[in-house]
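Position one of the sequence shown corresponds to residue 3 (the working numbering), numbered consecutively onward.
Glycine included, every Cβ here is placed at the ideal spot set by N, Cα and C.
Below: the structure, in structure tokens.
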Amino acid sequence: MMNYKSEISSNYSNFYQKHGNVIQERIKFFNEEEEDDDVDINDQFILQNAVESINNFKSFIEADDSQSINCLKFVIQNVKKCNKEIIPVFFDNNFAISLINLFLKHHSIELRTLCIQLIWYIQDTFPIFLSYFWDANLVDALFETINQKPPIKIMTYCIFSVNNFLFQFKEEYHSKFESFLSVELMYNIFKSYESSSPKILAQLFKGLLSITQKISEFPLNQNDTLSAINLITILANTRLVDLFYLGLRIILNMAETHSFQYEDFIDTQLDRFVYHELTNGSNYAKVIACDILCYFIDNGHNCSFICADDILDNIDNKDQMEASNANIKLLATLIKNDQPNGGYIELIVTPHDNNYDVATICVNIVNGGFETMTTSAHCLLDIFEKVHPSLMIHLVQHFVVEALVYILGWEDDDYIIHALVSLKSLFDFAHSINEFDNVMNMALKYNIAEELMVLLDSENETVVRLSTNLQEYIGIDLE
Numbered sequence: 003m004m005n006y007k008s009e010i011s012s013n014y015s016n017f018y019q020k021h022g023n024v025i026q027e028r029i030k031f032f033n034e035e036e037e038d039d040d041v042d043i044n045d046q047f048i049l050q051n052a053v054e055s056i057n058n059f060k061s062f063i064e065a066d067d068s069q070s071i072n073c074l075k076f077v078i079q080n081v082k083k084c085n086k087e088i089i090p091v092f093f094d095n096n097f098a099i100s101l102i103n104l105f106l107k108h109h110s111i112e113l114r115t116l117c118i119q120l121i122w123y124i125q126d127t128f129p130i131f132l133s134y135f136w137d138a139n140l141v142d143a144l145f146e147t148i149n150q151k152p153p154i155k156i157m158t159y160c161i162f163s164v165n166n167f168l169f170q171f172k173e174e175y176h177s178k179f180e181s182f183l184s185v186e187l188m189y190n191i192f193k194s195y196e197s198s199s200p201k202i203l204a205q206l207f208k209g210l211l212s213i214t215q216k217i218s219e220f221p222l223n224q225n226d227t228l229s230a231i232n233l234i235t236i237l238a239n240t241r242l243v244d245l246f247y248l249g250l251r252i253i254l255n256m257a258e259t260h261s262f263q264y265e266d267f268i269d270t271q272l273d274r275f276v277y278h279e280l281t282n283g284s285n286y287a288k289v290i291a292c293d294i295l296c297y298f299i300d301n302g303h304n305c306s307f308i309c310a311d312d313i314l315d316n317i318d319n320k321d322q323m324e325a326s327n328a329n330i331k332l333l334a335t336l337i338k339n340d341q342p343n344g345g346y347i348e349l350i351v352t353p354h355d356n357n358y359d360v361a362t363i364c365v366n367i368v369n370g371g372f373e374t375m376t377t378s379a380h381c382l383l384d385i386f387e388k389v390h391p392s393l394m395i396h397l398v399q400h401f402v403v404e405a406l407v408y409i410l411g412w413e414d415d416d417y418i419i420h421a422l423v424s425l426k427s428l429f430d431f432a433h434s435i436n437e438f439d440n441v442m443n444m445a446l447k448y449n450i451a452e453e454l455m456v457l458l459d460s461e462n463e464t465v466v467r468l469s470t471n472l473q474e475y476i477g478i479d480l481e
């Protein structure tokens with residue numbers, strides 16, 4: 003190990019003599035719990051000092067530890083304060099390579115921590131320089147340091163820095179990352195530091211989860227799968243951090259890459275975590291929870307623990323629009339995969355305390371955005387295809403008629419054909435219970451005559467035939 007206490011160069015001595023007071027003053031700001039945002043970052047004198055501190059870097063790192071630490075703190079502070087103005091100087095004269103070497107070889111834990119903190123900050127704030135650090139073999143230095151199990155602050159910055167590299171280069175250099183990184187390693191790192199203070203451990207945990215999420219985009223072996231489940235279980239049980247969407251994303255990745263099966267999902271009680279986030283999570287968490295459940299349902303699994311009322315509550319919550327749309331997709335998936343006369347269809351069609359859940363679907367057909375409208379239409383049309391005749395009475399409602407007639411005005415023949423078939427079945431049922439005139443009046447109110455007239459000119463023969471049959475059946479004169 004090189005001796006960083008050898009001698010203080012004349013360049014460094016001159017620099018510190020000239021600006022020592024400024025350095026000490028700025029270090030006070032750096033050491034405060036919250037930095038003073040009112041400091042003028044455009045102060046040319048400060049910028050000049052920062053530039054000179056970087057230019058003299060190779061000199062002042064050979065100084066006494068305390069002076070080296072103060073100077074590096076000064077650099078860090080001014081990099082943060084001056085950002086764009088200072089960054090071009092940062093890479094002059096192989097500054098970054100010197101910083102990496104210092105990080106690897108210096109005996110001072112505090113100085114090494116400051117080095118990796120500065121490296122990570124530059125990476126995170128200016129991703130354009132990731133390639134520079136990659137070419138300087140920083141990733142190898144990080145892997146070497148992680149293997150040494152350094153103090154938790156150094157480990158945390160190493161993990162964050164690796165995460166930045168992984169985000170940028172995971173496809174191009176997948177084999178390099180695969181040879182070192184694993185979910186099992188992430189779990190073992192967490193276990194090694196789990197007795198640390200919760201505040202510091204939480205930061206490390208964020209980085210470990212983020213890397214795990216990226217690794218899980220590729221198929222995992224059994225050990226990695228078990229480690230991922232353990233990390234998600236820790237996340238769910240301890241609530242150490244609020245990055246629940248990362249845990250959900252890991253689950254979705256493992257499902258889609260066939261790293262674990264539905265039985266594993268249930269046996270490990272991850273279904274409870276997913277459902278909790280579906281009902282209580284953030285907007286984004288609810289979206290991913292819906293994607294997970296849709297995946298399993300589309301692959302033939304029951305997911306009988308899903309309550310239709312919870313989905314409908316999410317759909318009605320327009321303060322979380324993305325989650326609302328995702329829950330409509332989940333509802334459509336449940337209905338599509340439900341058996342004829344199945345339980346979900348019965349729950350949705352049957353009114354509760356004079357409230358019609360199917361009304362929520364119909365309102366979204368008429369008033370929703372494009373994706374919301376089309377997904378809601380799938381729900382309603384699949385209900386008509388599968389509903390038991392004994393439940394048809396609950397569909398004789400003005401909002402159902404309005405939604406079906408509204409679909410006739412779309413430009414998608416497939417939706418139009420299914421809507422025409424559904425309207426015919428609704429009129430048939432209405433006739434059987436002496437409600438034909440009532441349904442007819444509803445349909446006329448929502449301009450069914452005008453819609454049918456337009457459809458008679460369609461280039462689709464099936465659309466023309468069904469429109470003609472419906473027009474003749476209900477007795478509308480379109481002349």
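Under 7 Å between C-beta atoms of residue 365 and residue 324: Their beta carbons are not under 7 Å apart, which means residue 365 does not touch residue 324 by this criterion.
Cβ neighbours of residue 184 in the same chain (closer than 6 Å, five flanking residues each side left out): Only 226 meet the Cβ criterion.
C-alpha distance - residue 11 paired with residue 228, whole-angstrom precision: Per-residue confidence for residue 11 stands at a pLDDT of 34, beneath the threshold of 50, marking its modelled position as unreliable; no derived number is given.
Close-in-space but distant-in-sequence residues of the same chain around residue 119 (CB under 6 Å, 5 per side omitted): Correct list, in chain order: 159.
Buried versus exposed, by CB contacts within 10 Å (16 or more), residue 424: When all chains shown are included, residue 424 counts as buried.
Paired residues, beta bridge with residue 304 - DSSP: None, per the DSSP bridge assignment.
Extent of the continuous alpha helix (DSSP H) run through residue 114: Looking at the DSSP string, the run of the alpha helix (DSSP H) that includes residue 114 is 111-127.
Per DSSP, the bridge partner or partners of residue 462: Its beta-bridge partners do not exist; DSSP assigns none.
Whether residue 231 touches residue 249 by CB criterion (7 Å): Between residue 231 and residue 249, the C-beta spacing is not below 7 Å.
Cβ-heavy atom distance, residue 179 to the ligand MG, below 6 Å: Of ligands this structure carries none, so the ligand MG is not represented either.
Start-end ranges of the alpha helix (DSSP H) lying completely within the stretch 131-171, minimum 4 residues: The DSSP assignment places complete alpha helix (DSSP H) segments of no fewer than 4 residues inside the stretch 131-171 at 132-137, 140-149, 154-171, in order along the chain.
Per-residue burial, residue 36 [other beta carbons within 10 Å of its own, 16 or more giving buried]: For residue 36, the predicted structure reports a pLDDT of 42, less than 50, and the residue's modelled location is therefore unreliable. A value from the coordinates is still provided. It counts as exposed.
Unbroken stretches of the alpha helix (DSSP H), 4 residues or longer, contained in the stretch 405-476: Annotation: the stretch 405-476 contains the following complete segments of the alpha helix (DSSP H) (minimum length 4 residues), in chain order: 415-434, 438-447, 450-457, 463-476.
DSSP-derived helix/strand/coil call for residue 260: Note: residue 260 maps to coil in three-state DSSP.
Distance, residue 180 Cα to residue 485 Cα: With the chain covering 3 to 481 only, the question about residue 485 has no answer from this structure.
Secondary structure of residue 223, DSSP reduced to three states: If DSSP states are grouped into helix, strand and coil, residue 223 belongs with coil.
Residue burial classification, residue 169 (beta-carbon count within 10 angstroms, cutoff 16): With fewer than 16 other Cβ atoms within 10 Å, it is exposed.
Option in 450, 113, 102 with minimal Cα separation from residue 146: Considering only alpha carbons, the answer is 102.
Residue 339 - containing alpha helix (DSSP H), residue span: Per DSSP, residue 339 belongs to the alpha helix (DSSP H) from 323-339.
Presumed contact (8 Å Cβ cut-off) between residue 379 and residue 367, rounded CB distance: At roughly 5 Å, the Cβ-Cβ gap stays under 8 Å, so residue 379 and residue 367 are in contact.
Residues bridged to residue 103 (per DSSP): Within the DSSP secondary-structure output, residue 103 pairs in no beta bridge.
Own chain partners of residue 478 with C-beta closer than 6 Å, once the 5 adjacent residues on each side are dropped: A distance below 6 Å between beta-carbons, with the five flanking residues on each side excluded, links residue 478 to the following residues of its chain, in chain order: 451.
8 Å contact criterion, which residue 336 and residue 346 should meet: CB distance rounded: Contact holds; Cβ gap of about 5 Å.
DSSP state of residue 239 mapped onto helix, strand, coil: Residue state, collapsed to three classes: helix.
Buried or exposed by the 16-neighbour rule on C-beta atoms within 10 Å, applied to residue 453: So residue 453 counts as buried.
Span separating the alpha-carbon of residue 204 from that of residue 401: One C-alpha to the other measures close to 50 Å.
Nearest-angstrom Cα separation, counted from residue 140 out to residue 252: Between residue 252 and residue 140, the C-alpha separation is close to 27 Å.
Minimum C-alpha distance to residue 186 - residue among 173, 222, 304: Cα-wise, what sits closest to residue 186 is 222.
Of the residues 371, 312, 286, 308, the one placed nearest residue 295, counting alpha carbons only: Nearest option by C-alpha distance: 308.
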